[in-house]
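Letter by letter, the sequence shown follows residues 1 to 96 of full-length UniProt numbering.
Every residue gets a Cβ at the ideal spot worked out from N, C-alpha and C, and that includes glycine.
For clarity, every value in this text was computed on a predicted model and none was experimentally measured.
Step one of this worksheet: look at the structure below.
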Amino acid sequence: MDQNNKIFVGNLAWEVRDDKLREIFSQFGEITDAVVIIDRRTNRSKGFGFITFATPEAAQAAIAAMHGQEVDGRNIVVNIARPREERPRREFNQEN
1 MDQNNKIFVG
11 NLAWEVRDDK
21 LREIFSQFGE
31 ITDAVVIIDR
41 RTNRSKGFGF
51 ITFATPEAAQ
61 AAIAAMHGQE
71 VDGRNIVVNI
81 ARPREERPRR
91 EFNQEN
């Protein structure tokens, strides 16, 4: 599966949610999905998210323009998303 159109956005402020992420990056092209990753236990942002653009060109434009830019007081990291690595599921009550 070609993932050239999916980007990783890191170092997000805790207040940033899906709609704000979509709003910030919509200037670069059509977005098919935008999600900020939320910790299920605390219901707080994990400080990163993913955006899927309709085209790889839009994703590249977003990376070129937004990597290192300040959003809500934090310099964000923007890169092509890497495929998720397989890892064993943790048990519900497992301590870290």
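For this session: Apply the 10 Å Cβ neighbour rule to ASN5 and answer buried if 16 or more other Cβ atoms are within range, or exposed otherwise.
Result: Stepping through the sequence shown from its first residue, residue 5 is reached at position 5. Classification of ASN5: buried, given that the 10 Å Cβ count is 16 or more.
Exercise. To the nearest whole angstrom, what separates the beta carbons of PHE80 and ILE63, a pair I think is in contact under 8 Å?
Worked result: Numbered from its first residue, the sequence shown carries residue 80 at position 80. Numbered from its first residue, the sequence shown carries residue 63 at position 63. Before going on, a small fix: residue 80 reads as Ile here, not Phe. Cβ atoms of ILE80 and ILE63 come within 8 Å of each other, at about 7 Å.
For this session: Kindly indicate the opening and closing residues of the alpha helix (DSSP H) around residue 130.
Result: The first residue shown for the chain is 1 and the last is 96, placing residue 130 beyond what the model contains.
Problem set entry | Buried or exposed (CB count within 10 angstroms, at least 16 for buried), ILE49 | Looking up residue 49 in the sequence shown gives position 49. In the sequence as displayed, the identity of residue 49 is Gly instead of Ile. It is buried - the Cβ of GLY49 has at least 16 other Cβ atoms within 10 Å.
Exercise. Tell me, which residues are paired with ASP33 by DSSP?
Worked result: Within the sequence shown, residue 33 is the residue found at index 33, counting from 1. Partner(s): THR52.
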